[in-house]
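I have placed the structure first, in the form of structure tokens, so that the comments after it can refer back to it.
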């Protein structure tokens, strides 16, 4: 079972929590300046060590240079590697069986230790990355400065090297235009809001990534607590906005949600953009109790599986655009079948 | 059971057949020039005679001046009276129980004897109006000229006073643009094509009224036969166009039809225009075998029942626009329920 198939706290609005640590090895130059031999040394020493010392967790190791374009694309779509690592031949990733742990090697930093879980679970994610951090720290020498903390390629990561982010589903913020007020407000508080696939990407299906921007001057624990607080108040606000929408014009909202359900459970081909938009409506419908018998985890799984590369990867063969859209529609119909 | 709840030949494309005769009484001026007393005389003598002499048929008589705006509107929507009669206080209509026979009194002519049936049934409609024509001819003196035949208010009806028309469902003609070629071609052959509610109205849901234009120089039988021939070839062409669409891009067509079904069976409010468009898609889906368990007669009934005045009339109370659209969506969902 993958992480997104499990339920999490406030999971109807908090789609997923991710925490990652940026770490670099003291004895090597930053990834951009390493020789190929050095890249290989880091890649294999870190992955071997993780696989042999992980205890209960079963890890698998993927080297970017051995992967085809589609597999790489599907790893990006499932947030297991960053778009940046996707372009790096000398990179690799160590993944847990349920995809909840991913350690990228030779991305912008030597190590990006990530934990991802469904719902709002910052504490649990932090615990996981800290455990892995300790494990690696016991065997490798990290680049560290007493003054700056962990040294990273990009100064925005200096200090704790921590970035924590929440994927939030905010359809009522989007619908009411409230999102345009939320974004600058969160900016002032030191948080960043981005689209589904990180920096520079657009919000799809009213999904927004809210993350902490400050790694200096705050302890990991403090950074996490502040994010948790902001997330909870954003979720509260989203719920209020939904109630207002529902009180103001219940038929409008019900109609929109049922139509989304009607289209998704009947369409024979559908683009990723339209599907994301309609799944967003359905997700809200489940959350406010209009749609029964559909689980949030089923929808989370769907959001992963209907992305372009995931579909092609699952098909195991090249697909034309129409075939892909047909396959996507089929996946969605299966997922929404009443027996599910 | 109303006429539109019964199946008719080629009913998946030929929605309904209408035949009407225009007749005037020799001893009265044309309706526009009658005194109120004369209007009343015609109204009551004709309706009383019909009701008492109709044999097996049970007729009911409605006087326009006694009807409210909504009831009148719903009669127009069900093609039982013309938009023209709707505005005439001195008019009336005699209707059979299944609404398949309607005799308008004091419309443009003293009498408009109409028979309407589902499917392509020109012969049967002609037989019905001829029988009623004979019945009335036995009791009243028609305005008649040896040279011109039956005298009518409008010269286009002179002669046989016959107009026969078919309501055809031509989505493939519409989709492929072929309709723009069909229209002038039919015009050259002496036929007229109009929208759902006659002259000057737009085609809604790909429904077109094809009717004969010539009443002089052709016998009733000849006029009917020519129309039958043209209708059959138009239906054949429509079937071919559907096959071409299906061969060319089956997924496109299937997707459109299933989406229409998904929206109609889930929407919580819907305008008349959107509903007509989507019912058109479903109708084609039933016709080409993509949708099962939906009957054409159920769709015919729906086309009648979802018209604005019919909905308000059925509700028995004034409705806001939103209530009307909600009621329409409800009617459609009920009709499309799998048990139906």
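Protein chains in written order, with our numbering: chain R, 1 to 340; chain W, 1001 to 1340.
Backbone N, C-alpha and C fix where the C-beta goes; we use that ideal spot for every residue, glycine too.
The structure presented is a predicted model; accordingly, all values stated were derived computationally and were not measured.
Asked	Found
State the Cα-Cα distance for the pair residue 1319 (chain W) and residue 193 (chain R), rounded to the nearest angstrom.	45 Å
Identify whether residue 408 (chain R) lies in helix, strand or coil by the three-state DSSP scheme.	Beyond the ends of chain R as shown, which are 1 and 340, falls residue 408 (chain R); an answer cannot be given.
Tell me which same chain residues have a C-beta within less than 6 Å of the C-beta of residue 1171 (chain W), skipping the five on either side of it?	1206, 1280 and 1284
Since residue 1018 (chain W) and residue 1114 (chain W) are thought to touch, with beta carbons under 8 Å apart, how far apart are those beta carbons, to the nearest angstrom?	6 Å
Consider the Cβ of residue 262 (chain R): report whether some Cβ of chain W lies at a distance smaller than 8 Å.	yes
Quick one: Cα of residue 324 (chain R) to Cα of residue 263 (chain R), how far?	17 Å
Could you give the uninterrupted runs of the alpha helix (DSSP H) lying entirely in the stretch 1071 to 1107 of chain W, keeping only those of 4 residues or more?	1083 to 1086
Ends of the alpha helix (DSSP H) at residue 252 (chain R)?	250 to 264
Which residues bound the beta strand (DSSP E) around residue 1043 (chain W)?	Careful: residue 1043 (chain W) lies outside any beta strand (DSSP E), inside the alpha helix (DSSP H) at 1036 to 1053.
Counting only C-beta atoms, is residue 1340 (chain W) closer than 8 Å to chain R at any point?	Note that residue 1340 (chain W) has pLDDT 42, beneath the 50 cutoff, so the model's placement of it is unreliable and the number below is only indicative. No, no contact with chain R.
Buried or exposed: which applies to residue 129 (chain R), given that a residue is buried once 16 or more other Cβ atoms fall within 10 Å of its Cβ?	buried
When DSSP builds the beta bridges, which residues end up paired with residue 114 (chain R)?	R:20 and R:102
Could you check whether the stretch 239 to 257 of chain R touches the stretch 131 to 145 of chain R, counting it as contact only if at least three pairs of C-beta atoms, one from each stretch, sit closer than 8 Å?	no
Return no unless some Cβ of chain W is closer than 8 Å to the Cβ of residue 326 (chain R).	yes
Taking CB distances under 8 Å as the criterion, tell me whether residue 321 (chain R) reaches chain W.	no
For residue 227 (chain R), tell me which candidate among R:105, R:67, R:212 and R:70 has the shortest Cα-Cα distance.	R:212
Determine the direct distance from the alpha carbon of residue 259 (chain R) to that of residue 1327 (chain W), and round the result to whole angstroms.	16 Å
Is it buried or exposed, residue 1356 (chain W), if we count other Cβ atoms within 10 angstroms and call 16 or more buried?	Beyond the ends of chain W as shown, which are 1001 and 1340, falls residue 1356 (chain W); an answer cannot be given.
Here's a check: name, in chain order, each residue in its chain whose Cβ is nearer than 6 Å to the Cβ of residue 83 (chain R), leaving out the five neighbours to either side.	76
Could you tell me the distance, in whole angstroms, from the CA atom of residue 261 (chain R) to the CA atom of residue 89 (chain R)?	42 Å
Interface residues of chain R around residue 1306 (chain W) at Cβ under 9 Å?	Simply none; closest approach about 16 Å.
Using only CA atoms, which one of R:237, R:169 and R:136 lies nearest to residue 181 (chain R)?	R:237
Using 10 angstroms around the beta-carbon of residue 1336 (chain W), count the other beta-carbons present and answer buried if the total reaches 16, otherwise exposed.	buried
For residue 1042 (chain W), does the count of other Cβ atoms within 10 angstroms reach 16, so buried, or fall short, so exposed?	buried
Look at the alpha carbon of residue 1277 (chain W) and the alpha carbon of residue 1204 (chain W), and state the distance between them as a whole number of angstroms.	7 Å
Report yes if the CB atom of residue 265 (chain R) is closer than 8 Å to the CB atom of residue 71 (chain R), and no otherwise.	no
Please confirm if residue 1267 (chain W) has its CB atom under 8 Å from at least one CB of chain R.	yes
What does DSSP give as the partner residue(s) for residue 169 (chain R) in the beta ladder?	R:207
Just checking: is the beta-carbon of residue 259 (chain R) within a distance shorter than 8 Å of some beta-carbon in chain W?	yes
First and last residue of the beta strand (DSSP E) that includes residue 1194 (chain W)?	1191 to 1194
What is the rounded straight-line gap between the Cα of residue 1104 (chain W) and the Cα of residue 1296 (chain W)?	28 Å
Output the distance between the C-alpha atoms of residue 1340 (chain W) and residue 1008 (chain W), rounded to the nearest integer angstrom.	Because residue 1340 (chain W) carries a pLDDT of 42, less than 50, the predicted location of this residue cannot be relied on, and no value is offered for it.
Just to make sure I have the definition right: I need the residues of chain R whose C-beta is within less than 7 Å of the C-beta of residue 1255 (chain W). Which are they?	267, 268 and 269
Identify which residue in W:1066, W:1054, W:1087 and W:1157 has its Cα closest to the Cα of residue 1095 (chain W).	W:1054
Taking the alpha carbon of residue 1125 (chain W) as the point to measure from, which residue in W:1085, W:1020 and W:1160 has its own alpha carbon closest?	W:1020
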